[in-house]
Amino acid sequence: MIYTYGYKSPLGKITLAGSENGLSGLWFENQKYFGKGLPENHEEKRLSVFDMTIRWLDVYFAGSVPDFTPPLCLKGTDFRREIWDILLCVPYGKTITYGEIARITARKKGLEKMSAQAVGGAVGQNPVSIIIPCHRVVGSDGSLTGYAGGTDKKLLLLRLEKAKFNGIAY
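In this note's numbering, the protein residues as written are 4 to 173.
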């Protein structure tokens, strides 16, 4: 059974989804792909994984680096999961470009190159915003290209982290 729980963040309501196995969704209210993969028969219930996630979010929104990650239970293609694993390695306050992720992925697969557009599609399908930090992915010139939660929220998240691109603060 999948359960949901609401969290009031400084950037608006966030819906958490998951089971005893881990967190499977974290979306800003009304964001693109909101609730994707959420079964119709889900129920609202506060789980221990939601308590951990709320602690993580409280630390994060206080401007600190959480020193733990709630257990994740992600569903996606192998390619998407590879991209999400790369995103989990992008440190707090740092950014990475779609092209850099494409190069990392190509290297891992023994390929000459990988499509940055394909990477963008996988980044955009990230079901666990903020914790899997897709907001840290920027265009090759540092532009705030796409974010399912909205580029206004992406900018605020990057500012919260005091993130920079080539020495320029957001």
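C-beta atoms are modelled at their ideal positions from N, C-alpha and C, and glycine is treated no differently.
* Asked: Between Pro-73 and Leu-26, which are expected to be in contact by the criterion C-beta below 8 Å, what is the C-beta distance as a whole number of angstroms?
  -> 5 Å
* Taking the alpha helix (DSSP H) that Phe-53 falls in, what are its first and last residues? -> 51 to 64
* Classify Ala-166 as helix, strand or coil using the three-state DSSP reduction. => coil
* Could you give the distance in angstroms between the alpha-carbon of Ile-17 and the alpha-carbon of Glu-85? -> 25 Å
* Are the beta-carbon atoms belonging to Tyr-95 and Glu-164 less than 7 Å from one another? -> yes
* Is it the case that the Cβ atoms of Ile-57 and Tyr-6 are separated by a distance below 7 Å? -> no
* Skipping 5 residues on each side, what residues in its chain have a beta carbon closer than 7 Å to that of Gly-145? -> Phe-168, Asn-169, Ile-171
* Asked: Span of the beta strand (DSSP E) holding Tyr-10?
  -> 6 to 12
* Could you tell me whether the Cβ atoms of Ala-109 and Ala-119 are closer together than 7 Å? => no
* Kindly indicate which three-state DSSP category Leu-147 falls into: helix, strand or coil? => coil
* Asked: With a Cβ-Cβ cutoff of 7 Å, do Leu-159 and Leu-14 count as a contact?
  -> yes
* Asked: Leaving out the 5 sequence neighbours to the left and right, which residues in its chain are closer than 8 Å to Ile-107 when beta-carbon positions are compared?
  -> Ile-89
* Asked: Relative to the C-alpha of Lys-78, which residue among Glu-103, Ala-20, Thr-98, Cys-92 is closest?
  -> Ala-20
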